[in-house]
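*Asks:*
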Amino acid sequence: MILLNFVKLSLRSVNFRLRNVTSTTINDYDAAAATYDDYYSRYLGKAGSTLTEKLPLKAGDTIIDLACGTGFFSHEIAAAVGEKGQVFAVDLSPKMLARNRENAAAKHLSNIEFIESDALEWLKGQPSGAADGIVCGWGVCYMNHTLLRNEIERVLRPGGFFGIIENRACSLQAVSDLFRDALLEHPEALAKNMSISLPPDEKYLVKTFSKGMLTRVDSWNGEIVVPCKTGEEVAEYMLRSGASAGFIDALDQTHFETMWSEFVKKADQRIARRGEVPVKHEYCVLIGRKKTSS
Ligand SMILES: C[S@@+](CC[C@H](N)C(=O)[O-])C[C@H]1O[C@@H](n2cnc3c(N)ncnc32)[C@H](O)[C@@H]1O
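In our numbering, the protein residues as written are -12 to 281.
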């Protein structure tokens, strides 16, 4: 049965890939926008703050925050660059962006411009040398890395900096395995292919982004474990944090409830057998700078 379902699932996946039927993250992030800060930022925020603290932000700087979401980086940066500085906060999800705007207003930050757009497409429209800094927090996986690198190099002024933090390809491995096992029980639930490009590690970020005029300043790997005691808690975290964005959209929505209960059941079974489901975010970070001369 499992072997047959494995074949079915593989055929569906190949079929969607060939026909370019790929899931998007917009609806899933829109759905998670109201709870994102209480789940994702609550746990991953300390990794983000470590990055911001190391960025050479100065009063008056113009900084671009790509895939800004609810504004974790936008707000820390807006406070650091002050009234005379400016943050351009770009995101594809209208509800994540609306949350960012509300959060900024609550903190009396008035130096952020909010832009609803694909980050890379927007960046392509910016003048060369326009930014003092570019940050991309947990959003690089949704972009073509080479094109992004080229645009960062072009849009930064000489001496400008960039900061990237992203989940590694090995992140949330146990949870991914459970999703795969649940799908193996219900291969008909897969309705689209899912396409994200998670970097393997910090070395990859350095190799991919620090070339030409861009050079490495600092880079590291890290991990954060989200405590979840039951399958229900794991499922809740994955949905409300947006960590399953793109995956939910890849499901045929008529099978969503069945798939989700299967996931919870499998997570509970694993907890009963092995005592836990490690909800472990493994991430990598790169801080770089554009050289002043080649
Ligand atoms: C994990 S959240 C990160 C949000 C924020 N940077 C933070 O650190 O909390 C990923 C964000 O990327 C956005 N996103 C996904 N694909 C995008 C794209 N192609 N262009 C712009 N934003 C995108 C999503 O809407 C979501 O808000």
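For every residue, glycine included, the Cβ atom is placed at its ideal position computed from N, Cα and C.
In terms of residues, what are the limits of the beta strand (DSSP E) holding Lys277?
*Replies:* Val266 to Lys277
*Asks:* Could you check the C-alpha separation between Asp78 and Tyr16 for me, to the nearest Å?
*Replies:* 10 Å
*Asks:* Under 8 Å, do Leu84 and Glu103 count as touching if we go by C-beta distance?
*Replies:* yes
*Asks:* Here's the rule: buried if 16 or more other CB atoms are within 10 angstroms of the residue's CB, otherwise exposed. What is His95?
*Replies:* exposed
*Asks:* Taking only runs that begin and end inside the segment 21 to 84, name each unbroken beta strand (DSSP E) of 3 or more residues, in chain order.
*Replies:* 49 to 53 and 73 to 78
*Asks:* Curious, which full-length beta strand (DSSP E) runs of at least 3 residues does the segment 134 to 161 contain?
*Replies:* 143 to 154
*Asks:* Is it true that the segment 246 to 265 meets the segment 159 to 167, where meeting means three or more beta-carbon pairs spaced less than 8 Å apart?
*Replies:* Output reads yes: the segment 159 to 167 touches the segment 246 to 265.
*Asks:* Per DSSP, what kind of secondary structure is Phe101 in: helix, strand or coil?
*Replies:* Strand at Phe101.
*Asks:* Going by the beta-carbon positions, is the gap between Tyr224 and Val266 smaller than 8 Å?
*Replies:* yes
*Asks:* Nearer than 7 Å: is that true of the beta carbon of Gly150 relative to any heavy atom of ligand 1?
*Replies:* Outside the cutoff, so no.
*Asks:* Cβ-heavy atom distance between Gly69 and ligand 1 below 7 Å?
*Replies:* no
*Asks:* Name the DSSP bridge partner or partners of Cys123?
*Replies:* Leu53 and Ile151
*Asks:* Any contact of the segment 35 to 53 with the segment 62 to 76, i.e. 3+ C-beta pairs under 8 Å?
*Replies:* Put simply, the segment 35 to 53 touches the segment 62 to 76. At least three CB pairs are less than 8 Å apart.
*Asks:* What do you reckon, are the CB atoms on Glu70 and Thr39 nearer than 8 Å?
*Replies:* no
*Asks:* Give me the residue from Pro174, Ala92, Leu185 and Glu175 with the minimum Cα distance to Asn131.
*Replies:* Leu185
*Asks:* Counting only runs that start and end within the segment 186 to 255, where is the beta strand (DSSP E) found for 3 or more residues in a row?
*Replies:* 201 to 213
*Asks:* Run the CB neighbour count on Val272, radius 10 Å, all protein chains shown included, and call it buried at 16 or more, exposed below.
*Replies:* buried
*Asks:* Please state the DSSP three-state secondary structure of Ala118.
*Replies:* Strand.
*Asks:* Report, in whole angstroms, the separation of the C-beta atoms of Trp109 and Ala54, which I expect to be a contact under 8 Å.
*Replies:* That belief does not hold up - the Cβ atoms of Trp109 and Ala54 are roughly 11 Å apart, past 8 Å.
*Asks:* Tell me the DSSP secondary structure of Leu171 in three-state form.
*Replies:* helix
*Asks:* What do you reckon, is the C-beta of Cys271 under 7 Å from a heavy atom of ligand 1?
*Replies:* no
*Asks:* Distance check for Ile152 and Glu210, CA to CA, integer angstroms please.
*Replies:* 12 Å
*Asks:* Under a Cβ-count criterion, where at least 16 other Cβ atoms within 10 Å of its own Cβ denotes burial, should Arg29 be classed as buried or exposed?
*Replies:* Label assigned to Arg29: exposed.
*Asks:* For ligand 1, is there a heavy atom less than 7 Å away from the beta-carbon of Ser28?
*Replies:* yes
*Asks:* At a cut-off of 7 Å, is Ser182 close to ligand 1 when judged by its beta-carbon and the heavy atoms of the ligand?
*Replies:* For ligand 1, not one heavy atom lies less than 7 Å from the Cβ of Ser182.
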